[in-house]
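These protein sequence lines map, in sequence, to chains A and B. Heads up, the first sequence is in the working numbering, so the first residue is 202 and it goes up one at a time. Heads up, the second sequence is in the working numbering, so the first residue is 39 and it goes up one at a time. Where a beta carbon is used, it is the ideal one built from N, C-alpha and C, also for glycine. These figures come from a predicted structure and were not determined experimentally. Here the structure comes first, spelled out in structure tokens, and everything after it is commentary.
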Amino acid sequence: MTTDDDAEAHRAAVVAAALGVVGTGLAVVGFWSISGPHLREVQALGILTSSAALWILRRSRGPKSRARSNALFLLVLLPTVVMAWMVDDARAAHSAYWVPYEPNKLSALTLAIIAPPSWPIGMIAILLFVGTALLHHIMLADAIRARMSVGEPFAIIAYGVFALVVLGFKQRGYALRGELEHARAEKVALERVAHVSMALRDLANTPVQTLELVRQRLLTDDPQLGVQTKRMGRALERLRRLNDILAPYQSAVVWDGEGTTVERELLSAKARIAAPSSRRQS
Amino acid sequence: MFLSASNLRWSLTVTAALLDDDTDLLEVLAELLQERDCRCLLAHSLEELKGLGPEVLAADVAVLDINLGAGQPSGIDAYDWLVSQNFAGRLLFLTGHAHAHPLVARAERLNRATVLDKPLDGEVLLDRIMGVGVGGGKRAGDHVAP
């Protein structure tokens, strides 16, 4: 779970709350003629709940709480579920023939699209609308079921299945994004290590070359000095091998001037190393 | 004493212009080359190199450190200046930087130059500067690693 996932969960809750306000507002107008006082109370409660959730989410500062975002995401759905149930009852009572569970179908698909980065939350949200529609279908009297459009309950089941498939793609997208971010973070870290390795290599090479030349200068016929220069030569050979260890990292370095933080840090470090010596060093 | 024209000895066989911002490296390299009867002209920067006058342009070989310090003209700038002045000698770059470094990559693309990687074995470095075993002295795009 990353900070980005927390932000996505927050965004999902904000969108769900905003859609709750807009959707319920449209339902108030759309079903005004067939709604009774109870439905209007639930609609009012829905708008109130979504507005309150929106307010809580918008006023939060700093790090986003994933748990709170997910809780609010599900909370704003509850009045909508009740409202969808009551709307179907009202349409059954006032229409000779109607297409049932339309708010449930629309909600299931919408929730699949706006779901937060969490399989359980997405599935609960979708199944909440599909499950209550199926339950309602079972509870409706045969006479009422006879007046609804053909195809139910398979239509709402199909919507549920399709919504779960869309949810799968959505969650896969979140997972891929997470993997990409992880890979990017690894690349940045590797580049940093590579820059440091290269800087160490570059800093070491000039003094090693100087020591090698000094060793050459000390080569004389004096047997004692010869022993020392041989020892020095072996030590220098080991230092030279450091290059072989560091060399593979150079391919990971992206040279883009002195603009990156790492490059600025390294320039500063090189300046500090060079400063104490009166002798200049490349 | 390396820089003075009065030190010129006509018996010397090779004249080398050495450009490096590391004084220790520059001096010990010059001492070793002088033991091989090589006359050395030393410079720490492009400005000093230019200040050495026409003797530099008549040198048999120029050994240029690629990175001469932050904000300073590089060995590549020295190469460009020498070529623009019709320098006829061999051109060797000496660098401790990785091949992927932009300046080293540029140096490797230059036709007349050979890039020598620090740290080289002392004998090998001296041989390269003196032109021993380099078949005419110039190998375009050549690169010598430790």
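Review point. Of all the options B:His-82, B:Val-101, B:Glu-73 and B:Asp-118, which has the alpha carbon lying nearest to the alpha carbon of B:Leu-154?
Key: Of B:His-82, B:Val-101, B:Glu-73 and B:Asp-118, the residue nearest in Cα terms is B:Val-101.
Point to revise | Proximal residues to A:Thr-430 (C-beta, below 7 Å), its chain only, five neighbours per side dropped | key: Setting aside the 5 residues that flank it on each side, A:Thr-430 is surrounded in the same chain by Arg-416, Leu-419 and Leu-420, each with a C-beta closer than 7 Å to its C-beta; the list follows chain order.
Check your understanding: Where A:Ile-248 and A:Val-222 are concerned, what is the direct C-alpha to C-alpha distance, given to the nearest angstrom?
Key -> 5 Å
Practice item. Just the chain B side, please: which residues come within less than 7 Å of A:Met-399 by C-beta, in chain order? Key: Near A:Met-399 (Cβ distances below 7 Å), the residues of chain B are Ala-136.
Point to revise | Neighbourhood of B:Leu-70 by C-beta distance below 8 Å, restricted to the same chain and skipping five residues each side | key: Gly-160 and Leu-164
Review point. Which chain A residues sit within Cβ distance under 9 Å of B:Leu-90?
Key: Here the premise fails: no neighbours, minimum Cβ distance about 18 Å.
**Study point:** 7 Å Cβ shell around A:Val-243 - same chain, five flanking residues per side excluded
**Key:** Pro-280, Val-283, Met-284 and Met-287.
Exercise for review: Identify whether B:Val-52 lies in helix, strand or coil by the three-state DSSP scheme.
Suggested key: strand
Check your understanding: chain A beta carbons: is any one of them nearer than 8 Å to that of B:Asp-159?
Key -> yes
Point to revise | CB contact flag (A:Val-397, B:Pro-157, <8 Å) | key: no
Practice item. Closer than 7 Å by beta-carbon distance: list the chain B residues that pair up with A:Asn-406, in chain order. Key: Gly-134, Lys-156 and Pro-157
Check your understanding: Is the Cβ of A:Thr-411 closer than 8 Å to any Cβ of chain B?
Key -> yes
Review point. Name the chain B residues that come within less than 8 Å of A:Leu-414, Cβ to Cβ?
Key: For A:Leu-414, the residues of chain B that pass the 8 Å Cβ criterion are Leu-63, Val-66, Leu-67, Leu-70, Gly-160 and Leu-163, in the order they occur in the chain.
Practice item. Give me the Cα-Cα distance between A:Arg-484 and A:Asp-207, rounded to the nearest whole angstrom. Key: Because chain A spans 202 through 483 in this model, residue 484 of chain A falls outside it and cannot be assessed.
Practice item. Flag this pair as touching only if the segment 349 to 367 of chain A and the segment 291 to 310 of chain A have three or more C-beta atom pairs under 8 Å; answer yes or no. Key: With the rule of 3 Cβ pairs closer than 8 Å, the segment 349 to 367 of chain A counts as touching the segment 291 to 310 of chain A.
Practice item. Measure the Cβ-Cβ separation of A:Ala-218 and A:Leu-275 and say whether it is below 8 Å. Key: no
Review point. Applying the criterion that 16 or more other CB atoms from any shown protein chain within 10 Å of the CB defines a buried residue, is B:Phe-125 buried or exposed?
Key: buried
Check your understanding: Applying a beta-carbon distance threshold of less than 8 Å, which residues of chain B neighbour A:Gln-429?
Key -> Residues of chain B passing the Cβ test: none, with the nearest at roughly 15 Å.
**Study point:** For A:Trp-299, three-class secondary structure by DSSP
**Key:** For A:Trp-299, the three-state secondary structure derived from DSSP is strand.
Review point. Distance, Cα to Cα, B:Ala-54 vs A:Asn-444?
Key: So the two alpha carbons sit approximately 28 Å from each other.
Review point. Taking just the CA atoms, how far does B:Asp-62 sit from B:Arg-166?
Key: 20 Å
**Study point:** Counted within 10 angstroms of its Cβ, other Cβ atoms place B:Tyr-117 as buried (16 or more) or exposed
**Key:** Result: buried.
Check your understanding: So what's B:Leu-129 in DSSP terms, helix, strand or just coil?
Key -> strand
**Study point:** Within 8 Å, strictly: CB atoms of A:Ile-235 and A:Arg-292
**Key:** yes
Check your understanding: Among residues of its own chain, excluding the 5 on either side of A:Asn-214, which ones have a beta-carbon nearer than 6 Å to its beta-carbon?
Key -> Note on identity: in this sequence residue 214 of chain A is Ala, with Asn being the wrong assignment. If we look at A:Ala-214 and ignore the five residues flanking it on each side, its Cβ neighbours are Leu-258, Ser-270, Leu-273 and Phe-274.
Exercise for review: Please determine if the segment 339 to 354 of chain A and the segment 386 to 402 of chain A are in contact, where contact requires at least 3 C-beta pairs separated by less than 8 Å.
Suggested key: no
Exercise for review: Could you pull out every residue in the same chain whose Cβ sits closer than 7 Å to the Cβ of A:Leu-329, ignoring the five residues on either side in sequence?
Suggested key: Leu-278 and Val-282
**Study point:** Neighbour list for A:Arg-402 in chain B, Cβ cutoff strictly below 9 Å
**Key:** Within chain B, the residues near A:Arg-402 are Gly-134, His-135 and Ala-136.
**Study point:** Three-way DSSP call (helix, strand, coil) for B:Ala-136 in this model
**Key:** coil
**Study point:** Run of the alpha helix (DSSP H) containing A:Leu-220, from where it starts to where it stops
**Key:** Per DSSP, A:Leu-220 belongs to the alpha helix (DSSP H) from 204 to 231.
Review point. Cβ of A:Arg-441 less than 8 Å from any chain B Cβ?
Key: A:Arg-441 counts as touching chain B.
Point to revise | Unbroken beta strand (DSSP E) run spanning B:Asp-155, endpoints | key: 151 to 155
**Study point:** Local Cβ density within 10 Å of A:Pro-264, reported as buried at 16 or more and exposed below that
**Key:** So A:Pro-264 ends up on the exposed side.
Exercise for review: Compare the C-beta of B:Met-39 against all C-beta atoms of chain A and say whether one is closer than 8 Å.
Suggested key: Below a pLDDT of 50, predicted positions are generally treated as unreliable, and B:Met-39, at 43, falls in that range; no measurement from the model is reported.
Review point. Helix, strand or coil: which one does DSSP assign to B:Val-170?
Key: coil
**Study point:** Outcome for A:Tyr-302 when other beta-carbon atoms lying within 10 angstroms are tallied against a minimum of 16
**Key:** buried
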